[in-house]
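Residues 0 to 241 in numbering that gives the first Met the number 0 are what the sequence shown spells out, letter by letter. Where a beta carbon is used, it is the ideal one built from N, C-alpha and C, also for glycine. Notes follow once the structure below has been shown.
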Amino acid sequence: MPNKSRRRLGESRGGARWLLALVVFGAACGWGFHPGSVSAAQGDGDIAFRWAFGVLPGNEANPKLEAITADRTLKTGDRLKMMVELQKECFVYVIYYGPQDQVKLLFPYRLSELASDYQVGKRYYIPQGAAWFELDQQVGAEAFHVVASSQRLAGLEATLSEYERAEGGAKVGLAKRVLAEIREVRRQSRDLTTTAERPINIGGNVRGLDRPVGDEGPDVAAIAQEIVGKGSYCRTFTIEHR
Numbered sequence: 000m001p002n003k004s005r006r007r008l009g010e011s012r013g014g015a016r017w018l019l020a021l022v023v024f025g026a027a028c029g030w031g032f033h034p035g036s037v038s039a040a041q042g043d044g045d046i047a048f049r050w051a052f053g054v055l056p057g058n059e060a061n062p063k064l065e066a067i068t069a070d071r072t073l074k075t076g077d078r079l080k081m082m083v084e085l086q087k088e089c090f091v092y093v094i095y096y097g098p099q100d101q102v103k104l105l106f107p108y109r110l111s112e113l114a115s116d117y118q119v120g121k122r123y124y125i126p127q128g129a130a131w132f133e134l135d136q137q138v139g140a141e142a143f144h145v146v147a148s149s150q151r152l153a154g155l156e157a158t159l160s161e162y163e164r165a166e167g168g169a170k171v172g173l174a175k176r177v178l179a180e181i182r183e184v185r186r187q188s189r190d191l192t193t194t195a196e197r198p199i200n201i202g203g204n205v206r207g208l209d210r211p212v213g214d215e216g217p218d219v220a221a222i223a224q225e226i227v228g229k230g231s232y233c234r235t236f237t238i239e240h241r
């Protein structure tokens, strides 16, 4: 990739280090909270979106994009990228949780964008643009939580914003509250209509799967799954980084 630089996905103000390194081309994620938010799973609106989570093995000369559809063991140097595309108006959150109780909202890029730049049919890549997450030298279990709702999740958003503002040891307690909010969505989703996850080929073209990493790498949209359900959805992908 041309003119690339690298920084860590995030560091807490208390100095805790993250296990992911990010090849960056743009600005960092921001935060915000919309006071008009309402709790999820109270309405009966549908959720429908496309989700992709791919890995490029870092130890191969010509790596091929592989879909991550379940918990998986990965190694230092492996690269990760995700994509969210709404099929109808609903609210999707992608949250990283590190082994030292670090939390990072990966999507939306800013909570304030849920009321502005949040469009049906637009592909949102995580990280944005040509960047990829890359596993660095620090090992451990890392979790990616995908949470979706027919309505905005006021409690989750407020806790995420509070976590970002907190300093030192206060972050650990707030991180656990974020997990509690996610578990509540998961509990509610079990009482709703079963969610369907089915693989699709966006645009019918998967040739990018065989391309080596170049300036941008393959398009993870080619391995997207369509997720359709009622009320709310919650899925966790645990990456065992060795």
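Give a yes or no on whether the minimum CB-CB distance between residue i and chain B is below 8 Å.
i, result
"residue 54", "In summary, chain B is missing from the structure at hand, where a single protein chain is found."
Please classify residue i: does DSSP put it in a helix, a strand, or coil?
i, result
"residue 67", "coil"
"residue 231", "strand"
"residue 134", "strand"
"residue 59", "coil"
"residue 238", "strand"
In terms of residue numbering, what span does the beta strand (DSSP E) encompassing residue i cover?
i, result
"residue 147", "139-148"
"residue 55", "45-55"
"residue 74", "No beta strand (DSSP E) holds residue 74; DSSP gives it neither H nor E."
In the DSSP output, what is residue i paired with across the bridge?
i, result
"residue 84", "49 and 122"
"residue 94", "104 and 144"
"residue 110", "Note: residue 110 sits in no beta bridge, so no partner."
Return the Cβ separation of residue i and residue j in integer angstroms, given the expectation that the two are a contact with Cβ distance under 8 Å.
i, j, result
"residue 175", "residue 162", "The Cβ separation is near 10 Å, so there is no contact."
"residue 152", "residue 92", "7 Å"
"residue 106", "residue 150", "Between residue 150 and residue 106 the Cβ distance is about 17 Å, and since that is not below 8 Å, they are no contact."
"residue 87", "residue 47", "5 Å"
"residue 223", "residue 71", "Not quite, the Cβ-Cβ distance comes to about 17 Å (not below 8 Å), so this is no contact."
Grab the span of the alpha helix (DSSP H) containing residue i for me, first residue to last.
i, result
"residue 181", "169-189"
"residue 155", "153-164"
Which one of the options has the shortest CA to CA distance from residue i?
i, options, result
"residue 79", "218, 231 and 119", "218"
"residue 245", "115, 140, 103 and 139", "Only positions 0 to 241 of the chain appear in the structure, and residue 245 is not among them; the question remains open."
"residue 238", "83, 90, 96 and 85", "96"
"residue 121", "109, 84 and 129", "84"
"residue 111", "226, 157 and 148", "157"
"residue 232", "187, 224 and 222", "187"
"residue 144", "49, 240, 236 and 50", "236"
"residue 65", "58, 53, 57 and 59", "53"
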